[in-house]
Amino acid sequence: MIEVKGVTKTYGKKQNAFIALDDINFVIPDGASVAIVGKSGSGKSTLMHAMSGLDRPEKGQVVIDGIDILKLRQKAVDRFRSEKIGFIFQSFFVQANESSYDNVALPLEIGNLSGRARKKRVIEALQVVGIEEKEKQKARNLSGGQKQRLAIARAIVNRPKIIFADEPTGNLDSTTGATIEKLLFGLNKKSGSTLVIVTHDEDLAAKCDMRIYIKDGKIDQIVSEVK
Amino acid sequence: MKTVDIIRRAGRSLKHAKARTILTSLAIAVGAFTLTIALAAGEGARQYANTLLTSNIDPQVLAIAKDKSFFEGGKTGPQEYSADSSTIARGNGVLVKRLSQSDIDAIAKRSDIVSVTPTYAINAQYITRVGQKKYTVDATTYDSGVTQTVIAGSLPSLRTSIADDQIALPEAYVSLLGFNNAKDAIGQTVTIHLERTPNVTESQIQQAIAENSPQAIASLATKQTKDAEYKIVAIVGKSATALTATTNAQISNTSAKALSDFTTTGTDNYQQYTIATASVKAGVDPATVKQALVNEGYGVQTAKDLQSLLFTIVNTLQGIVIGFGILALITSVFGIINTQYISVLERTREIGLMKALGMRGRHVSRLFQFEAAWIGFLGGVIGSIVAVIAGLSLNPWITSTLSLGDGNVLLIFQPIPIILLIIVLMLIAMLAGYFPARKAAKLDPIEALRTE
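First to last, the sequence lines map onto chains A and B.
Per the working numbering, the very first residue in the first sequence carries number 1; after that it's consecutive.
Per the working numbering, the very first residue in the second sequence carries number 228; after that it's consecutive.
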């Protein structure tokens, strides 16, 4: 369960202060698929950063499994991200010079998993996203869709509780985008992990169990189909 | 994140920027090359100096002078005049106190000294043998503490002198004195001719005048001569590691004293010696004897002192070369800093991603420092390998050019200093990589990952 309570984030100081997030409150149940929907500049990315422990809003709480991650020390936040969070980005952010295998191995290296267990998990993750035959290829030689599959493999390899996807289909054509969406929702249902998609794409948002609309740093509307 | 994984990732990212990596490490390689050569040359020079000393100088031997200023090059500048000119030798603005016979006798009486041999001044006119021309010659005391290269005949074992009627001649005299070869000369007799200006006392002159004998007066004015005959016991050659060139005819201590006394009789130089060598009893540390003699006011140098003097020279020269190596290293440090800064800028997103995935700032910093260490390692290995290859292939040429003698090489490469050098270079490179690494560690992942 993710509880966001009174999260407020301000950029700049005094007269120039810009309120990016203004008293955000909501609860996401475990295993749900959630879309955070808003125009660019609405604060949806900032909200994702706050929820994933990348950013520290000055006010509020983000309680994940009973722990307020905003109160954790940096070291503990780093470990929290490494163990419980998976990230998928619009521009993939795969390491072009590294092989697919080494790209996917990175979170496990950070998480101190080594040896046979690491290898097994990497191969499994590559199989789940269907690019196991590209294991030894450099990431730069993959197509856009394959790169995003690789990024998904990297996001799921450490078996996270929550996967954050920032415009995951934004850089893909509609056909490829559709398969990636299918893959993401399939994983969400199968593994029981929570999927948080940040998007401005209404069609993608419509496929989620819950939609949080953000406008000018405030919650505009929350639509939930979760029982 | 495990260090092993960080090192592997660091190695891989260097591999992906091959040209940059190699160029940066070449800068370190220049320093590594210079330092490897300096270390090898220093070691070689020290070993060579050691070879020289051990083959030339008996470790039990002391060099003794009247006071310590002798070993500091004598007293320079104006000194207070002393009428007792016999104890002082002056020349070229340098003043040296001399040892008298009583000094020699006093030192010889010590229980820890086996023998004392002053350096005798022998002004021999010429050397010759029956039916041959006369040749100039320098006669010196046979040094029983030095191993010499014997071409023909034989010399007694170390610390034993030749007999009083024997002479050891350098190779050059073999043909000059009309011998077919060195072997023929052994056992043959040669003559050393000495002269001294007459030394006339007042009473002798008065007696000659009283006798009114022109012959007596003439004989007083005639130069006095002495012909000393010796049997050739050995012909000695020149060795590459000999410090003292054996161009002197060598005679026994007693003979040398007799000849020296003859030529100096009646002069200020009579039984005055600038320096003496003493042989310390076996089992006694020359340093303790030295201290005892120094306390008595003498200037004393042991074989070890001479060694440390030579080593000081070698170390100074080595220090200069090392200085240049360090300069090259300092230059390369800026190269590393620059390269790593660019690398951090280029890989902003990669760093952001790693941090987003939960990699600790400390580990990000380490990643870049290990990259720098790899560069240092590569530079060190390249530099030292090139230095070893170049040194080993140049060694024969250096040996023959400097005529160091067979078996002696100037550049001696030892694995441990080279390994230490590479480790030090890696540490220096890591230090250089510290600032860029810190920049990487401090990167805000949100900023780094912001999509434009």
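Note that the Cβ used here is the ideal one computed from N, Cα and C, for glycine as well.
Under the three-state reduction of DSSP, T558 of chain B is assigned to helix. Within 10 angstroms of the beta-carbon of G524 of chain B lie fewer than 16 other beta-carbons, which makes it exposed. In the structure shown, E135 of chain A falls within a coil segment according to DSSP collapsed to helix, strand and coil. Q221 of chain A is outside the set of residues whose beta carbon lies under 9 Å from a beta carbon in chain B.
Taking a beta-carbon distance threshold of 9 Å, A583 of chain B counts as an interface residue toward chain A.
For Y213 of chain A, the uninterrupted beta strand (DSSP E) segment begins and ends at M210 to K215.
A contact is defined here as three or more CB-CB pairs under 8 Å, and the stretch 604–624 of chain B fails this definition with respect to the stretch 138–153 of chain A. For L676 of chain B, the chain A residues whose Cβ falls inside 8 Å of its Cβ are F89 and F93, in order along the chain. Taking the Cβ atoms as the reference, I478 of chain B lies roughly 6 Å from A366 of chain B, within the contact range of under 8 Å.
Cα atoms of G130 of chain A and S100 of chain A: separation of roughly 12 Å, rounded to the nearest angstrom. Closest by C-alpha distance to E3 of chain A, out of A:F18, A:P29 and A:T10, is A:P29.
Taking T575 of chain B as the centre and dropping the five residues before and after it, the same chain places the C-beta of L670 and A675 closer than 8 Å to its C-beta, in chain order. If you check the CB distance, S381 of chain B and A476 of chain B do not come in under 9 Å. Counted as a single uninterrupted DSSP element, the alpha helix (DSSP H) harbouring V651 of chain B occupies residues P642 to A659.
The beta carbons of I219 of chain A and V37 of chain A sit about 11 Å from each other, so the pair does not count as a contact at 8 Å. For Y457 of chain B, the enclosing beta strand (DSSP E) stretches over residues Q451 to G464. Given a length threshold of 3 residues, each whole run of the beta strand (DSSP E) inside the stretch 28–77 of chain A is given here in chain order: 33–37 and 59–64. For L106 of chain A, no beta strand (DSSP E) encloses it; the enclosing alpha helix (DSSP H) starts and ends at S100 to I110. A Cβ-Cβ distance of about 7 Å is found for the pair K5 of chain A and V63 of chain A, placing them in contact under the 8 Å criterion. Going by DSSP, D330 of chain B is part of the alpha helix (DSSP H) stretching over Q328 to K336. In the DSSP assignment, K5 of chain A falls within the unbroken beta strand (DSSP E) covering I2 to Y11.
Cβ-Cβ distances below 8 Å link L253 of chain B to G606 and I609 in the same chain, with the five nearest sequence neighbours on each side left out; the list follows chain order. With fewer than 16 other Cβ atoms inside 10 Å of its own Cβ, D173 of chain A counts as exposed. Taking a cut-off of 8 Å on C-beta distances, the stretch 585–598 of chain B touches the stretch 659–666 of chain B, as three or more cross pairs fall below it.
Taking a contact as a CB-CB distance under 8 Å, the pair V636 of chain B and V507 of chain B does not count as one, their CB atoms being some 33 Å apart. Only residues of its own chain outside the window of five on either side were considered, and among them I69, V77, F80 and R81 have a CB closer than 6 Å to the CB of G53 of chain A, listed in chain order.
One alpha carbon belongs to K182 of chain A, the other to A155 of chain A, and they sit about 16 Å apart. Within the same chain, N635 come within 6 Å of Y275 of chain B by CB-CB distance, once the 5 residues on both sides are set aside. In this structure, the straight-line span from the alpha carbon of I389 of chain B to that of T491 of chain B is close to 24 Å. Neighbours of R593 of chain B across chain A, judged by C-beta separation under 8 Å, do not exist; the nearest C-beta is about 12 Å away.
I563 of chain B is positioned such that its CB atom lies closer than 9 Å to that of I255 of chain B.
Taking each of A:G217, A:V196 and A:H200 in turn and checking the Cα distance to D209 of chain A, the smallest one comes out for A:V196. Going by beta carbons, A272 of chain B and V560 of chain B fall outside the 9 Å limit. Listed in chain order, the non-local C-beta contacts of Q95 of chain A below 8 Å within the same chain comprise D102, N103, L106 and A139, local neighbours out to five positions each way being set aside. Interface flag for L572 of chain B against chain A is unset, since no Cβ pair is found closer than 9 Å. The beta-carbon distance between G464 of chain B and I378 of chain B, rounded to whole angstroms, is 5 Å. This is short enough to meet the 8 Å contact definition.
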